[in-house]
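According to our numbering, the residues represented by the sequence shown are 394 to 658, in order. Some notes on the structure that comes next.
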Amino acid sequence: MTDTSNAPMFEIENLHASIEDKEILKGVDLTINAGEVHAIMGPNGSGKSTLANVLAGNPAYEVTEGSARFFGEDILELAPEERAHLGIFLAFQYPTVIPGVSMANFLRMAVTNTRKARAAASGDDRPAFTPREFRRLMREKMQLLHMDDSFATRYLNEGFSGGEKKRAEILQLALLEPTLAILDETDSGLDIDALRVVSNGVNKLAHDKMGTLLITHYQRLLNYIKPDYVHIMMGGRIVQSGGPELALELESQGYEKLRANFAVA
Ligand code: ADP
Ligand code: MG
Numbered sequence: 394m395t396d397t398s399n400a401p402m403f404e405i406e407n408l409h410a411s412i413e414d415k416e417i418l419k420g421v422d423l424t425i426n427a428g429e430v431h432a433i434m435g436p437n438g439s440g441k442s443t444l445a446n447v448l449a450g451n452p453a454y455e456v457t458e459g460s461a462r463f464f465g466e467d468i469l470e471l472a473p474e475e476r477a478h479l480g481i482f483l484a485f486q487y488p489t490v491i492p493g494v495s496m497a498n499f500l501r502m503a504v505t506n507t508r509k510a511r512a513a514a515s516g517d518d519r520p521a522f523t524p525r526e527f528r529r530l531m532r533e534k535m536q537l538l539h540m541d542d543s544f545a546t547r548y549l550n551e552g553f554s555g556g557e558k559k560r561a562e563i564l565q566l567a568l569l570e571p572t573l574a575i576l577d578e579t580d581s582g583l584d585i586d587a588l589r590v591v592s593n594g595v596n597k598l599a600h601d602k603m604g605t606l607l608i609t610h611y612q613r614l615l616n617y618i619k620p621d622y623v624h625i626m627m628g629g630r631i632v633q634s635g636g637p638e639l640a641l642e643l644e645s646q647g648y649e650k651l652r653a654n655f656a657v658a
C-alpha cells in the first residue's frame, strides 16, 4: 500500500487521451484541494469535453498516458459508478428512461445507492434513508437552492427544459454531498435560467470540504460564479492558470493573443 495521507484531493498529471487514434489531451496537469473552486475554459475544440468525458469514464476515450488521482488513488481504471462511490460527482447520471418515475423517487434511489456504497467502503453502516427522512432532506436542499416544491413531484425527463435539467443535476449534487464535484457545462441548451441554477447551486454548495471543477464552455457563467482558480485549455493542455481576473481578461481580449503566444490551433 502506498502512503496516500499527504496526497492532494485530486491531482491530474500528464494526462494524455485519444479518440479514434487521434490524440486530443496532450498532457493535462491540474491539482485541486479541498475548498477550492477551479474553472477550466478555452476555445471550441481545445479538449474540454474530452477531459470531462475521460474523468467520467466514457469508454469511447482511451487514456494513453498519465494519471488522475483522488487522494492518491488513480481513478482512471475505475468504472464510473466506482468513481461515484469514492465521493466524486460526475454530472447528472440519467437512468435509461423509466416512465412514471418522479424526481423525488429517482433521487432517493440514486442517493441511497451511492450512500450505501460509500458507507460500505468506509466501514460506516448508516442505514439507508426512510422515505420520510429523504423527503425532509430533499425539502431542506430544495429550500437552500430556492427550488419550487413542485419540482420533486415532476416526472423524470418529461419535457424538461434546460433549466430543469440543471435543477435536477444540482439537486442531485446537493443530496450526494460529494468530496469532489466535476461539472461539465456544455453550452447546448444552457439558457439564462439554467445558467442561474448552476451558478446559484455552485455558490451555495461549494464549501471547505469539497473541491469543485467546473468545465465551462460558456464564459458568461463566470460572471455568476467566482472561482478561486481559472485555467485556460488550448490544444489539449492547460496553457495558463490564474485567479478570477484571468476570466475577465479573456472576456476583453479573447483567445487570440493567447493563441499566438502558445502557437496552437
Ligand atoms: P471542447 O469541448 O473544448 O470544445 P472537445 O473535447 O469537444 O473540445 O474536442 C476536442 C477535439 O477532439 C476536437 O478537435 C474534436 O473535433 C475532437 N473530437 C471530439 N470528439 C470526437 C469524436 N467523437 N471523434 C473524433 N474527434 C473528436
Ligand atoms: Mg465541448
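Just so you know, even glycine gets a beta-carbon here, dropped at the ideal spot from N, CA and C.
(message) Suppose the cutoff is 7 Å on Cβ atoms and the five residues either side in sequence are ignored; what does the same chain contact list for A477 look like?
(response) Cβ within range, chain order: L483, T507.
(message) Which residues end up in the neighbourhood of ligand 1 when you take C-beta atoms closer than 6 Å to any of its heavy atoms?
(response) Result: I412, E413, K415, I417, G435, N437, G438, S439, G440, K441, S442, T443.
(message) Checking 8 Å against the spacing of the C-beta atoms, do Y611 and E578 come in under that value?
(response) yes
(request) Drop a sphere of 10 angstroms on the beta-carbon of Y372, count the other beta-carbons inside from all chains shown, and report buried for 16 or more, exposed for fewer. (result) In the structure displayed, the chain extends from 394 to 658; residue 372 sits before or after that span and is not available.
(request) Give every residue of the same chain whose Cβ lies closer than 8 Å to the Cβ of S634, excluding the five residues on either side of it in the sequence, and list them in chain order. (result) Y622, V623, H624, I625
(request) Would you identify the three-state DSSP class for M603, choosing helix, strand or coil? (result) DSSP places M603 outside both helix and strand once states are collapsed to three, so it counts as coil.
(request) Just mark R630 as buried or exposed, buried being the case when its beta carbon has 16 or more other beta carbons within 10 Å. (result) buried
(request) To the nearest angstrom, report how far apart L500 and G647 are at their CA atoms. (result) 40 Å
(message) Bridge partners for F403 per DSSP, in chain order?
(response) I425, F463
(message) Distance check for M535 and D541, CA to CA, integer angstroms please.
(response) Distance between the alpha carbons of D541 and M535: 7 Å.
(request) Count the other CB atoms, across all protein chains shown, that sit within 10 Å of the CB of N654; report buried if there are 16 or more and exposed otherwise. (result) exposed
(request) Give the single residue among L423, T609, G636 whose Cα lies nearest to the Cα of P436. (result) Nearest of L423, T609, G636 to P436, Cα basis: T609.
(message) Given 7 Å as the limit, tell me if H610 has its C-beta closer than that to any heavy atom belonging to ligand 2.
(response) yes
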